[in-house]
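Take a look at the structure below.
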């Protein structure tokens, strides 16, 4: 659940902005700085940006205590790096200077590389050099391997959408705020797409450890065996 919330952060921040504009009647006063420069608004922004990652990091610590598997601590590091990067980007929105820009780039690149490695190697089980399916894994549910390679490229591109928050791209007549909203929606789609391969890998691992079966036998007898 916490993983799903991490992908909802951009949309939650848009919801925060919309709520502030409505409650402060910005649409009538035409003074948006009432929200964006307010102390309470910024505090809520930091909370929204941190909380899902913080919850997920706590889950990793709890699993480490239960299983004593250091992989959970490594996973926790991924969420800590994401928190640092998110905090840097929020701060850069208020302090637009060269130092903060460099800090945002460094922290975001590190967090993104961490996330991509975990997506492909740990969560999806891909990038296996010795696999009979090049750079994937031995067992695949889908027969068309191209889908997996395309999915990796799709996930890679959408992991970089944070760059819009610092670069402020302009696509024709599309305004920056609208583009941010569209990218936030794409992040939700990316998470749903990520879920499919995460569950596929988990299921195949369970099958490999005899905790599940690939197909569920139906309670029907073969007609040929009755003859």
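Numbering (the UniProt record's numbering), first residue to last: 1 to 227. Note that beta-carbon positions come from the ideal geometry of N, C-alpha and C, so glycine has one too. What you are looking at is a predicted structure, and each value in this text was computed from that prediction instead of being measured.
**Message:** For residue 35 and residue 45, what's the separation of their Cα atoms in angstroms?
**Reply:** Against the chain shown, residue 35 aligns to sequence position 35. Against the chain shown, residue 45 aligns to sequence position 45. Note on geometry: alpha-carbon atoms of residue 35 and residue 45 lie some 11 angstroms from one another.
**Item:** Contact under 8 angstroms by Cβ, residue 73 with residue 60
**Value:** If you number the chain shown from 1, residue 73 lands on position 73. If you number the chain shown from 1, residue 60 lands on position 60. Contact flag set, yes.
**Request:** Report the rounded CA-to-CA distance for residue 92 versus residue 102, giving the unit in angstroms.
**Result:** The residue labelled residue 92 in the question sits at position 92 within the chain shown. The residue labelled residue 102 in the question sits at position 102 within the chain shown. Their Cα atoms are separated by approximately 10 angstroms.
**Message:** Rounded to the nearest angstrom, what separates residue 106 and residue 145 at their Cα positions?
**Reply:** One-based indexing of the chain shown puts residue 106 at position 106. One-based indexing of the chain shown puts residue 145 at position 145. C-alpha separation (whole angstroms): 34 angstroms.
**Request:** Output the distance between the C-alpha atoms of residue 64 and residue 78, rounded to the nearest integer angstrom.
**Result:** The sequence position of residue 64 within the chain shown is 64, counting from 1. The sequence position of residue 78 within the chain shown is 78, counting from 1. Approximately 14 angstroms, taken between the alpha carbons.
**Request:** Give the straight-line distance between the Cα atoms of residue 157 and residue 188, rounded to the nearest whole angstrom.
**Result:** As a working note, residue 157 is residue 157 in the chain shown. As a working note, residue 188 is residue 188 in the chain shown. Approximately 14 angstroms between the Cα atoms of the pair.
**Item:** Nearest-angstrom Cβ-Cβ length linking residue 123 and residue 204, presumed shorter than 8 angstroms
**Value:** The residue labelled residue 123 in the question sits at position 123 within the chain shown. The residue labelled residue 204 in the question sits at position 204 within the chain shown. Contact doesn't hold; Cβ gap of about 13 angstroms is too wide.
**Asked** Exposed or buried, residue 66, counting other C-beta atoms within 10 Å across all chains shown (16 or more means buried)?
**Response** Within the chain shown, numbered from 1, the residue matching residue 66 stands at position 66. Exposed, since its Cβ has fewer than 16 Cβ neighbours within 10 Å.
**Item:** Proximity below 8 angstroms, CB of residue 71 to CB of residue 111
**Value:** As a first step, residue 71 is located in the chain shown; it is residue number 71 there, counting from the start. As a first step, residue 111 is located in the chain shown; it is residue number 111 there, counting from the start. Taking 8 angstroms as the Cβ cut-off, residue 71 and residue 111 do not qualify as a contacting pair.
**Message:** Measuring straight from C-alpha to C-alpha, what distance separates residue 100 and residue 169?
**Reply:** On the chain shown, position 100 is the one that residue 100 refers to. On the chain shown, position 169 is the one that residue 169 refers to. One alpha carbon belongs to residue 100, the other to residue 169, and they sit about 19 angstroms apart.
**Item:** Supposed close pair residue 14, residue 181 - CB separation, criterion 8 angstroms
**Value:** Locating residue 14 in the chain shown gives position 14, counting from the first residue. Locating residue 181 in the chain shown gives position 181, counting from the first residue. Their Cβ separation, rounded to whole angstroms, is 6 angstroms, which keeps residue 14 and residue 181 in contact under 8 angstroms.
**residue 1 - DSSP class collapsed to helix/strand/coil** = What you label residue 1 is simply residue 1 of the chain shown in a count that begins at 1. If DSSP states are grouped into helix, strand and coil, residue 1 belongs with coil.
**Message:** Only counting the same chain, and skipping five residues up and downstream in sequence, which positions put a Cβ closer than 8 angstroms to that of residue 88?
**Reply:** The residue labelled residue 88 in the question sits at position 88 within the chain shown. For residue 88, where only same-chain residues beyond five positions count, the Cβ hits under 8 angstroms are 100, 103, 104, 107 and 108.
**Request:** Using 10 angstroms around the beta-carbon of residue 97, count the other beta-carbons present and answer buried if the total reaches 16, otherwise exposed.
**Result:** For this step, residue 97 is matched to residue 97 along the chain shown. Exposed, by the Cβ-count rule.
**Prompt:** Rounded to whole angstroms, how far is the Cβ of residue 190 from the Cβ of residue 155, which I believe are closer than 8 angstroms?
**Reply:** Along the chain shown, one-based indexing puts residue 190 at 190. Along the chain shown, one-based indexing puts residue 155 at 155. Right, their Cβ atoms sit about 6 angstroms apart.
**Message:** Can you give me the C-alpha to C-alpha distance between residue 4 and residue 37, rounded to a whole angstrom?
**Reply:** Start at 1 with the first residue of the chain shown, and residue 4 comes out as number 4. Start at 1 with the first residue of the chain shown, and residue 37 comes out as number 37. Computed Cα separation, rounded: 29 angstroms.
**Asked** Is residue 126 closer than 8 angstroms to residue 150 when the C-beta atoms are compared?
**Response** Translated into the one-based positions of the chain shown, residue 150 becomes position 150. Translated into the one-based positions of the chain shown, residue 126 becomes position 126. It is not a contact, given that the beta carbons lie outside the stated cut-off.
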